[in-house]
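Single-structure report; data block below.
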Amino acid sequence: MFAEDLIAKIKNARSIVVFTGAGVSAESGIPTFRDAQTGLWENFDATLLASPNGFCSDKALVWGWYEWRRMKVLHAQPNPAHRAIAELSNRVDHFALITQNVDDLHERSGVNDVIHLHGSLHQPRCFACARAYIFPGTMPDEPIEGRRLEPPRCQHCNGYIRPGVVWFGESLSEAAWERAQLAVRNCDLLFSIGTSAVVWPAAQLPIEAARSGATVIQVNPDKTALDQVADYNLHGQAGTILPLLLEAITQ
Ligand code: OAD
Numbered sequence: 006m007f008a009e010d011l012i013a014k015i016k017n018a019r020s021i022v023v024f025t026g027a028g029v030s031a032e033s034g035i036p037t038f039r040d041a042q043t044g045l046w047e048n049f050d051a052t053l054l055a056s057p058n059g060f061c062s063d064k065a066l067v068w069g070w071y072e073w074r075r076m077k078v079l080h081a082q083p084n085p086a087h088r089a090i091a092e093l094s095n096r097v098d099h100f101a102l103i104t105q106n107v108d109d110l111h112e113r114s115g116v117n118d119v120i121h122l123h124g125s126l127h128q129p130r131c132f133a134c135a136r137a138y139i140f141p142g143t144m145p146d147e148p149i150e151g152r153r154l155e156p157p158r159c160q161h162c163n164g165y166i167r168p169g170v171v172w173f174g175e176s177l178s179e180a181a182w183e184r185a186q187l188a189v190r191n192c193d194l195l196f197s198i199g200t201s202a203v204v205w206p207a208a209q210l211p212i213e214a215a216r217s218g219a220t221v222i223q224v225n226p227d228k229t230a231l232d233q234v235a236d237y238n239l240h241g242q243a244g245t246i247l248p249l250l251l252e253a254i255t256q
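Written out as structure tokens, the structure reads:
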């Protein structure tokens, strides 16, 4: 099913980067952003729900929506794609996992050190003083998408608590971005899995890896802008392709 040279390149790689997007969690029941019909940005207004201005103009709308997404993640389980990536991480000398996802399914599949470029649904902070907020251990009370929910208040300054994700118009964490760039510049092989590769600067990472001489392998059922850059385009669902690939490199 896979080309022999592809298998050889994976087997011989000393340093692998896996770069993931929403598609890797799709088979766990977490909606992507841009897939037709089911994509979040097909059904919800990103300018309201993913911007500091949107939060300031309607905090309860924004907080309720992210609590709905957090509830979905807490109910979800890692899928075969997450598990195959975790297994791959144990087989190579140097491994880095860079994700655009704000869920914790990579961590729950066994990868401890995940570079979260776009933040995390599980690490909210104060909008005013930026101090971290710890969620109570109970399941979020948000069963219905888009229900309004007042955000909690900061214990230190009484400011509003905001979701810990990177919104449009905001900068990525400098530390996360530097680590990601270092990893892609020094890898022999990069997998780009389940991302439309349209959101910058994240989308620049596979391109930088290719420029630095790494082999780029893309896993996605659809065509993306990265098809032109990738050395190998494996068209299919990550939860099917990755376990098969792992099996092929084990033989
Ligand atoms: P997108 O929704 O833009 O793209 C998801 C990709 O996953 C698409 O190319 C799908 O074809 C692919 N896909 C769907 N199901 C798949 C499966 N089972 N296996 C493999 N691939 C599959 O999501 P992202 O590229 O992650 O930013 O979006 C990037 C950023 O845009 C997100 O991090 C988010 C959003 O605005 C922030 O929230 C800051």
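Just so you know, we're using my numbering here: the sequence shown kicks off at 6 and counts up by one.
Cβ coordinates follow ideal geometry from the N, Cα and C atoms, glycine included.
Model, not experiment: these values are computed from the prediction.
- For threonine 43, the shortest separation between its Cβ and any heavy atom of the ligand OAD does not lie below 7 angstroms.
- With fewer than 16 other Cβ atoms from the protein chains shown falling within 10 Å of its own Cβ, asparagine 58 counts as exposed.
- Restricting attention to alpha helix (DSSP H) runs no shorter than 4 residues, the segment 145-183 encloses none.
- Taking each of Ile12, Thr52 and Ala243 in turn and checking the Cα distance to asparagine 84, the smallest one comes out for Ala243.
- If you draw a straight line from the Cα of isoleucine 254 to the Cα of lysine 16, it comes to about 6 angstroms.
- Take the alpha-carbon of isoleucine 166 and the one of alanine 13: they are about 49 angstroms apart.
- Assignment of isoleucine 35 by DSSP, reduced to helix, strand and coil, places it in the coil class.
- When secondary structure is reduced to three states using DSSP, threonine 104 falls in the strand class.
- Leucine 93 sits away from valine 119, with the two beta carbons spaced by 8 angstroms or more.
- Distances from the CA of asparagine 106 to each of Arg88, Arg96, His127 and Ala91 were compared; the closest alpha carbon is that of His127.
- The Cβ atoms of threonine 143 and glycine 26 do not sit closer than 8 angstroms to each other.
- Here serine 217 is actually not in contact with valine 234; their C-beta atoms are around 12 angstroms apart, not less than 8 angstroms.
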